[in-house]
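Residue numbers for the sequence shown follow our numbering, so the first one is 21 and each next one is one higher.
Okay, structure first, notes after.
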Amino acid sequence: MTGTQLTSDETSGDSKALQEELADRFEEVAKLTGFYLAERDRADRLQRLLDAALKERSKAVKELADQRGVATIRVNAIRNSCSRTIGIIVARQLGYAEDQRPSRADLPRLAEQLMLMGFFDRDWYLKRHPDVSNARMDAAIHYVGWGMFEGREPCALD
């Protein structure tokens with residue numbers, strides 16, 4: 021027998037060792053597959069829970085956004101009502117009815133009276149009403165001539 025030839029016992033022994041090694045590897049693959057499938061199931065369950073929580077959160081956010089929209093409309097309506105009421109009160113304090121506008125000649129005097137009342141914030145009014153600022157109008161004159169009749173706020177109502 022030459023060195024390159026194997027006996028049947030040697031071949032049989034090597035074959036048996038290879039079969040045992042292969043069986044061990046298959047067992048290992050089966051365990052790893054089981055672990056993988058269990059982890060995949062766990063990940064799927066967690067994803068479903070996360071999706072459900074996200075759906076609930078999205079629903080809550082939408083409901084809150086809707087409520088905020090309704091509240092904003094209500095606040096704006098109240099603010100507009102307050103602004104108009106304030107305009108009526110200021111007009112009456114200055115000697116005018118709510119539907120009676122002062123003459124242009126009276127505006128500087130009325131603006132001065134308004135400032136003495138301490139209820140007008142010139143800087144705030146110009147920031148709040150950029151159209152007045154852009155027209156380079158005196159804020160107090162604009163308010164007594166137009167703003168109080170339009171329901172504009174004379175100062176921050178917060």
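Ideal Cβ placement from N, Cα and C applies to all residues, glycine included.
Counting only residues of its own chain and dropping the five nearest sequence neighbours on each side, residue 104 has a CB closer than 6 Å to the CB of 171. One Cα belongs to residue 145, the other to residue 109, and the distance between them is close to 18 Å. Cβ atoms of residue 141 and residue 175 come within 8 Å of each other, at about 4 Å.
Under the Cβ criterion (8 Å, minimum of three pairs), the stretch 147-156 does not count as touching the stretch 117-126. The count of Cβ pairs closer than 8 Å, one atom from the stretch 121-133 and one from the stretch 152-161, reaches three, so the stretches are in contact.
Cβ-Cβ separation between residue 89 and residue 168: approximately 29 Å, too far for a contact (criterion under 8 Å).
Between residue 163 and the set 177, 135 and 178, the nearest pair of CA atoms involves 135.
For residue 133, the enclosing alpha helix (DSSP H) stretches over residues 127-137.
For the pair residue 132 and residue 113, the Cα-to-Cα distance works out to about 13 Å.
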